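Numbering (the numbering used here), first residue to last: 105 to 361.
Don't be surprised by glycine CBs; every beta carbon is placed ideally from N, CA and C.
The structure displayed is predicted, hence computed values, not measured ones.
These notes concern the structure reproduced below.
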């Protein structure tokens, strides 16, 4: 994984203070043009770092009694899932500690997945390699979408990338997703706009709109609960919210009722 130097420290938006550029499409177009289409950059964490949380929320892990029996047969697999990793160096250990249910591969393949604000992240590829083969990844930057299409058109042609703004998503009325991922998009809206609350609300409203009962929405963020729950626990959203800390980051899990 090629790493880029992180931008300046994030600041939550207020009436008089926000990170110039983060809310502007032109800023991201220019950034992606400079990085080039061969570069992958993941904000915060790679998929394996929060995979245990995803597997548990989707009900794809075996119950503990079954896991222990399987672990006894295979010394290379631990009996119980480990705690969430604090950094990407623990990704392999986390993956090895998971014991998935017998039908997990079939269930993963059947789930419709949406990745919002995908940028040039490797998340879509990581999900595909883990069995989530039916996915759509969106971003409002045509530049990065064209780059991602070019990168994967031969390597993984099944991956779909669409130019679309998460705040005004336009999918068919009967199009719903079972699993949705956001890694950093909500953060950029909250620190990159003078109208942060309204902008974040637009994103959450449209995500909620493409969820059905039982759908799960994961947000990976640097935002602690005291800065995020006020948005996520709004009465306008019919979902249950859970959260956990992953090192210096957080993961929020919203399951629609």
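Range of the contiguous beta strand (DSSP E) that encloses residue 349: Run containing residue 349: 343-350, per the beta strand (DSSP E) assignment.
Cβ-based neighbour list, residue 237, same chain, cut-off 8 Å, excluding 5 preceding and 5 following: 212, 213, 262
Per-residue burial, residue 156 [other beta carbons within 10 Å of its own, 16 or more giving buried]: With 16 or more Cβ atoms within 10 Å of its Cβ, residue 156 is classed as buried.
Given a threshold of 16 other Cβ atoms within 10 Å of its Cβ, counted over all protein chains shown, does residue 344 qualify as buried or as exposed? exposed
Taking all protein chains shown into account, decide if residue 272 is buried (16 or more other Cβ within 10 angstroms of its Cβ) or exposed. exposed
Can you check which of these residues, 244, 288, 249, is closest to residue 355 by C-alpha distance? The shortest Cα separation from residue 355 among 244, 288, 249 belongs to 288.
Based on Cα-Cα distance, which residue from 260, 247, 136, 267 lies nearest to residue 219? Among 260, 247, 136, 267, the Cα nearest to that of residue 219 belongs to 267.
Pair within 8 Å by beta-carbon distance, residue 137 and residue 217: Judged by beta-carbon spacing, residue 217 lies beyond the 8 Å limit of residue 137, meaning their Cβ atoms are not closer than that value.
Give me whichever residues DSSP pairs with residue 265 in a beta bridge. 241
Between 302, 318, 251, which has its C-alpha nearest residue 281's C-alpha? Restricting attention to 302, 318, 251, the CA atom closest to the CA of residue 281 is found in 318.
In the DSSP assignment, find the unbroken alpha helix (DSSP H) run with residue 255 in it and report its ends. 246-259
Pick helix, strand or coil for residue 218, following the three-state DSSP scheme. strand
Taking the beta carbon of residue 324 as the centre, do at least 16 other beta carbons fall within 10 Å, making it buried, or is it exposed? buried
N-terminal and C-terminal residue of the alpha helix (DSSP H) that residue 155 is part of: 151-161
Considering only residues of the same chain and omitting the five flanking positions on each side of residue 329, which have a CB-CB separation below 8 Å? 347, 354
For residue 197, is the classification buried or exposed, using 16 other Cβ atoms within 10 angstroms of its Cβ as the cut-off for buried? Here residue 197 scores only 44 on pLDDT, less than 50, and its place in the model should not be relied on; the value that follows carries that caveat. Residue 197 should be labelled exposed.
Who are the near neighbours of residue 358 in its chain, counting only those whose CB is closer than 6 Å to its CB and skipping five residues on each side? 321, 343, 345
So what's residue 204 in DSSP terms, helix, strand or just coil? strand
Beta-carbon contacts of residue 341 that lie in its chain and below 7 Å, excluding the five residues immediately before and after: 308, 312
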